[in-house]
Every structure is written in structure tokens, then in C-alpha cells.
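Report on the following structure.
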Ligand code: HAM
């Protein structure tokens, strides 16, 4: 029954030896967004399917081929979120967050689901960190979110290339769509079935079709930058000028169209050369018009999301050293029931003082316990047996050099605010500072 012992294709377990890296990264991204005044929002894993059809767009690969959609027991069409923007906007509209206190700045960490062909860096369940900055059309907002990514990558030592483009607004895009139709119509018969349909409805989507033939036909296609209206060109010009001013390097890539329908004007991606084909570690852009389209006020917005799996891959590839988990300060071993209870008591006191401490829960031999203490990397260890209980003292061993300190086991307990002293009695200073700084 492999189905019971193997997770579904495209899913990934985060095992205990890896999870501290995730925790580190999640904290890091939230620390940086807080510096920019963004606050966390948490949204449901599933939404009404219609929300994604309307926002991500019903001619996109995501909606047409990749969504996990099902009918619930009440007969509603439900979809596991393929991304975070739509749900975030739905929530902001539903809860009236788009009132006077603009801009609204929200950030999220979430799982997302897309039925894609799995490969390195491409999963069916993956995780995104993203932000949305709502309520301002200014190029300053575009540069603010890009700056945040640049700062985060800088602090993590991630080297990634920023590529930007403008895909205009509905007004200027109409002419461009027509030019694309003309370009692709010449080889219409060779297009994949989805693209034949997209040719009339939304030819922009042909540019990010994954079929190799459609990609090849798209090679010489006209680019949106040549069709920008005055307002969009001016906006893009200001974004570039501001990026220059804040000294964030970028390249203009006229081929970026993004895989989601809601974008207008600025779109951008950060590309890493270290992780193979799935090299886009962050993608985003402006989506003026979307909030209104979803039934909210007519407000602009911009945001981005990054794939956390890809960020972790990039960090690993660059040899990033994740801060270690809290180390084990002391292993308090024991032989026999009475000693085991005493060891549990001392271990508990150490833990209340904020030290990571461990004791035996397996009934192991002394030898096996010491082996385990070594495996844990415990800085100090102690074994309590009958004779230690009788004498009321035990030897605390400093694992690094084998030196030993005698500890009184009957020292006053629960001395207010000083449990370590209660345990280690007059050796407090020596032991506590060694535990902390060793
Ligand atoms: P997206 O480009 O579809 O944009 O996804 C953002 C990032 O999520 C990608 O750059 C990539 O790092 C990661 N990603 C996407 N699909 C997968 C996958 N199958 N496996 C692993 N990682 C993946 C959005 O989702 C937009 N909501 C971003 C945004 C926010 N735009 C404005 N606000």
C-alpha cells in the first residue's frame, strides 16, 4: 500500500532536521516587512472558485489547467488557493480594510496549490511569502515593494537579477493584443488547443504558454513596451528613474508578461542563476482595476510573492549558514525510578529557566544515555543513580573537556527567580555563564 506511505506527487514534507531553516526564513521575511510597515494577514486555504476565475483569469494556465477545484458537500465550487493575492483582496474588501487608512500594507506566508508537472523547484503544494500594497498608483509604491525584496535578499546574501517590464493598461493593451493576434494568426494551426482559443480571447496569454511550439512561434512577437500609452510610458519611466535613484540595479525584459491576468503597468521578477530551470524566485506587479473588478472600491494595488522552496534552494546553493537551533544545555540522565524522578525534576527546573535540557524517557543503560547525550550535543551531562541520591550530590560533566563539577541535589528549590541557582547551588555563576556562553 505505497499510497499510505508515500505522499502525493508534488508535495514535500519538512522534516525535523530541516524545519528550523523554514522557521528562520519565515521570521526573517516578517522582520523585514515589519520595517516597511506591513502587517500579517491570514486567509483561508480555499475560496469560491469564481474568485480565481475573475482575478487570475479564465484564460490562464493556472485557471484552465492547474487549479485544485472540487464541489463541496453543499454543492459549491471550491478551489484550493493557487496564490495569495485574490484571497487577500477578497478579505480586504469583505472586512472594509480599504477605507480611509490608506495605503493598506499586508503581508502573508501561505501554502498554495497548482497542478503543475513537478520538478526541482516546482511543486503542487508550495509556499509563498508575499505582500500587497493597496491604495496608491504612485511609482513610489512600485519601488517601495521592490526595495523591500532587495533589502531582504541583501540581508540573506541572495544574488538575484531584477527584471522589469510594463504591460500597459487596458487602453494601450487593446492595440497590442491586435498586433499579437496578427503575429500568431500566421501560424495558427500549429498552436496548442488552449492557445487557439486564447488567440481571440486573450492573445497576451500565448506569450507564457509552456508548449515549446507556442514558445517558438512567440519568439519574434511584438513587445508591449512599443505600444505603451503616454500615461503608462510615463509611469514606467518614473519607476526606472526611482530605481536608479535608490541604486537598485535592474534589467528591462520586454518579454515578462507574468502568468496571471490581473497585472497592468509594472511587472517584475527576480531571477536566481543558482537553482536551475525554475529560476524565478520572486514575481509581482501592479494590478490597478482588480479590486474594483472583485466588487471593491476603485483602488490600485501592487505586490509580489516569492516561492519559499526556491528561496531555500537558493540559500542552500550559496552555502548560507542558518543559525542553529537552541542547543541542548544539559542532559540529566538517571538509573532507577527514584533517580529518574529526580532527574525529571531537575530537567524541568532547567527548562523553566529557559535552558534546553533533556532526560531519559527510554529506560536506557548509562552507556546508552551518555551516547545519546553526545548525539544531542549536550554541553553538560549528569547521571543520577542510587548513590548520588544517597549522598545528595552528583557530578556535572562539561562535555567539551570532561571536567567535572560537584552539584548538590538537595539545594533549595523554587527560589524565586533563580531556579538555576537552586539546582546548581553555589556553582551558579560558573555553571550558568558556562551554559549560556560556552
Ligand atoms: P507567481 O509568479 O505565480 O505570482 O508566483 C510567485 C512565486 O511563487 C514564483 O515566482 C515562484 O517563486 C513561486 N511559485 C509559483 N509556482 C510555484 C510552484 N508550482 N512551485 C514552487 N514555487 C512556485 C503570484 O502568485 C502572484 N500572486 C504574486 C503577486 C502578489 N503579484 C502581486 N501580488
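Numbering (the numbering used here), first residue to last: 6 to 443.
C-beta: ideal position from N, C-alpha, C; glycine also.
Keep in mind that this is a model prediction, so the values were computed, not measured.
Counting only beta-carbon separations shorter than 9 Å, does residue 216 have a partner in chain C? Here chain C cannot be found, since the structure has a single protein chain.
Contact defined as beta carbons within less than 8 Å: I believe residue 151 pairs with residue 192. What is the distance between those atoms, to the nearest angstrom? As a first step, residue 151 must be located in the chain shown, where it is residue number 146. As a first step, residue 192 must be located in the chain shown, where it is residue number 187. Actually they do not touch by this definition, with Cβ atoms about 36 Å apart.
If you compare alpha carbons, which of 287, 49, 360 is closest to residue 319? Within the chain shown, the letter at position 314 stands for residue 319. Among 287, 49, 360, the Cα nearest to that of residue 319 belongs to 287.
Starting from the N-terminal side, write out each stretch of the beta strand (DSSP E) that is 3 residues or longer and does not extend beyond the segment 27-87. The DSSP assignment places complete beta strand (DSSP E) segments of no fewer than 3 residues inside the segment 27-87 at 51-53, 74-76, 82-85, in order along the chain.
Whole angstroms are fine: how far does the CA of residue 341 sit from the CA of residue 314? In the chain shown, residue 314 corresponds to position 309, counting from 1. In the chain shown, residue 341 corresponds to position 336, counting from 1. Distance between residue 314 and residue 341, taken at the CA atoms: about 46 Å.
Close Cβ partners of residue 374 (< 6 Å) along its chain, the five nearest in sequence each way excluded: Within the chain shown, residue 374 is the residue found at index 369, counting from 1. Excluding residues within five positions, the ones whose Cβ falls inside 6 Å are 338, 365.
The beta strand (DSSP E) spanning residue 318 covers which residue range? Numbered from 1 along the chain shown, position 313 holds the residue referred to as residue 318. In the DSSP assignment, residue 318 falls outside any beta strand (DSSP E) and lies within the alpha helix (DSSP H) extending over 313-322.
Go through its chain and collect everything with a Cβ distance to residue 421's Cβ below 7 Å, but skip five positions before and after it. Position 416 of the chain shown, counted from the start, is the residue given in the question as residue 421. Unreliable placement is indicated for residue 421, whose pLDDT of 38 sits below 50; no coordinate value is reported for it.
Using CA atoms only, rank isn't needed, just tell me which of 65, 37, 56, 356 is closest to residue 112. For the purposes of this step, residue 112 is taken as residue 107 along the chain shown, with counting starting at 1. Proximity to residue 112 across 65, 37, 56, 356 peaks at 37, based on C-alpha coordinates.
With the cut-off set at 9 Å, would you say residue 60 and residue 293 are in Cβ contact? Counting from one through the chain shown, the residue named residue 60 turns up at place 55. Counting from one through the chain shown, the residue named residue 293 turns up at place 288. In this structure, residue 293 does not lie closer than 9 Å to residue 60 by Cβ.
In DSSP terms, what residue 256 is bridged to: Here the question's residue 256 lines up with position 251 in the chain shown. Bridge partners of residue 256: 168.
Compute the Euclidean distance between the alpha carbons of residue 26 and residue 327, then round it to the nearest angstrom. On the chain shown, residue 26 is found 21 positions in, with the first residue counted as 1. On the chain shown, residue 327 is found 322 positions in, with the first residue counted as 1. Residue 26 and residue 327 have their C-alpha atoms spaced approximately 6 Å apart.
Select from 347, 406, 409, 316 the residue whose C-alpha is nearest the C-alpha of residue 452. Here the chain covers residues 6 to 443 and nothing more, so residue 452 does not appear.
DSSP on residue 267, reduced to helix/strand/coil? Sequence index remark: in the chain shown, residue 267 carries index 262 (1-based). Coil, per DSSP.
Return yes when at least one heavy atom of the ligand HAM lies under 8 Å from the C-beta of residue 114, else no. Mapped onto the chain shown, residue 114 falls at position 109. The answer is no for residue 114.
For residue 278, which of 168, 302, 237 has the nearest alpha-carbon? Along the chain shown, one-based indexing puts residue 278 at 273. Measuring from the Cα of residue 278, the nearest candidate turns out to be 168.
Looking at residue 123: is its Cβ nearer than 9 Å to the Cβ of residue 206? Against the chain shown, residue 123 aligns to sequence position 118. Against the chain shown, residue 206 aligns to sequence position 201. With respect to residue 206, residue 123 sits apart: the two C-beta atoms are not nearer than 9 Å.
Can you find a heavy atom of the ligand HAM that lies under 8 Å from the Cβ of residue 69? Against the chain shown, residue 69 aligns to sequence position 64. No - the ligand HAM has no heavy atom lying nearer than 8 Å to the Cβ of residue 69.
With a threshold of 6 Å on Cβ separation, who are the neighbours of residue 56 within its own chain once the five nearest residues in sequence on each side are excluded? Residue numbering aside, residue 56 sits at position 51 when the chain shown is read from its first letter. Result list for residue 56: 91, 95, in chain order.
Report yes if the C-beta of residue 333 is less than 8 Å from at least one heavy atom of the ligand HAM; otherwise report no. Locating residue 333 in the chain shown gives position 328, where the first residue counts as 1. Not so, every heavy atom of the ligand HAM lies at least 8 Å from the Cβ.
Beta strand (DSSP E) runs contained entirely in the segment 166-217, provided each spans 3 or more residues: DSSP runs (the beta strand (DSSP E)) wholly in the segment 166-217: 166-171.
Roughly how many whole angstroms lie between the Cα atoms of residue 2 and residue 24? The structure shown does not extend to residue 2, since the chain is modelled only from 6 through 443, so no value can be given for it.
Going by other Cβ atoms of all chains shown within 10 Å of its Cβ, with 16 needed for buried, is residue 132 buried or exposed? Indexing the chain shown from 1 puts residue 132 at position 127. Label assigned to residue 132: buried.
May I have a chain-ordered list of the beta strand (DSSP E) segments no shorter than 3 residues that lie completely inside the segment 369-409? Secondary structure remark: continuous beta strand (DSSP E) runs of at least 3 residues inside the segment 369-409, in chain order: 385-389, 398-403.
Between residue 136 and the ligand HAM, is the CB less than 8 Å from at least one heavy atom? Here residue 136 corresponds to residue number 131 of the chain shown, with the count starting at 1. Under cutoff, so the answer is yes.
Cutoff 7 Å; reference residue 43; Cβ partners in own chain excluding five residues on either side: Locating residue 43 in the chain shown gives position 38, counting from the first residue. 110, 111, 112, 136, listed in sequence order.
According to DSSP, is residue 304 part of a helix, a strand, or is it coil? Translated into the one-based positions of the chain shown, residue 304 becomes position 299. Shown here, residue 304 sits in coil according to DSSP, grouped into three states, outside any helix or strand.
I'd like to know whether the C-beta atoms of residue 144 and residue 269 end up nearer to each other than 9 Å. Taking the first residue of the chain shown as position 1, residue 144 is located at position 139. Taking the first residue of the chain shown as position 1, residue 269 is located at position 264. Going by C-beta atoms, residue 144 is not nearer than 9 Å to residue 269.
Would you identify the three-state DSSP class for residue 471, choosing helix, strand or coil? Given a span of 6 to 443 for the chain in the structure shown, any question on residue 471 remains unanswerable.
Answer with buried or exposed for residue 240, where buried requires no fewer than 16 other C-beta atoms within 10 angstroms of its C-beta. Taking the chain shown and counting its residues from 1, the one referred to as residue 240 is at position 235. Counting other Cβ atoms within 10 Å of its Cβ, residue 240 reaches 16 or more and is therefore classed as buried.
How would you label residue 355, buried or exposed, when you count the other beta carbons within 10 angstroms and need 16 or more for buried? The residue labelled residue 355 in the question sits at position 350 within the chain shown. Counting Cβ neighbours within 10 Å, residue 355 comes out buried, since at least 16 surround it.
By a C-beta neighbour count over all protein chains shown, 10 Å radius and 16 as the cutoff for buried, is residue 129 buried or exposed? Position 124 of the chain shown, counting from 1, holds the residue named residue 129. Buried is the call here.
Give me whichever residues DSSP pairs with residue 273 in a beta bridge. Working through the chain shown from its first residue, we reach residue 273 at position 268. The partner list for residue 273 (beta bridge, DSSP) reads 169, 289.
CA-to-CA distance, residue 363 to residue 352, given in whole angstroms: Here the question's residue 352 lines up with position 347 in the chain shown. Here the question's residue 363 lines up with position 358 in the chain shown. Distance between the alpha carbons of residue 352 and residue 363 is about 6 Å.
The ligand NAP heavy atom lying under 8 Å from the CB of residue 168: Summarising the ligand content, the structure contains the ligand HAM and does not contain the ligand NAP.
For residue 103, I'd like the list of residues in its chain whose CB is within less than 8 Å of its CB, leaving aside the five on either flank, ordered along the chain. Against the chain shown, residue 103 aligns to sequence position 98. Hits under 8 Å: 97, 109, 139, 140, 296, 301, 302, 304.
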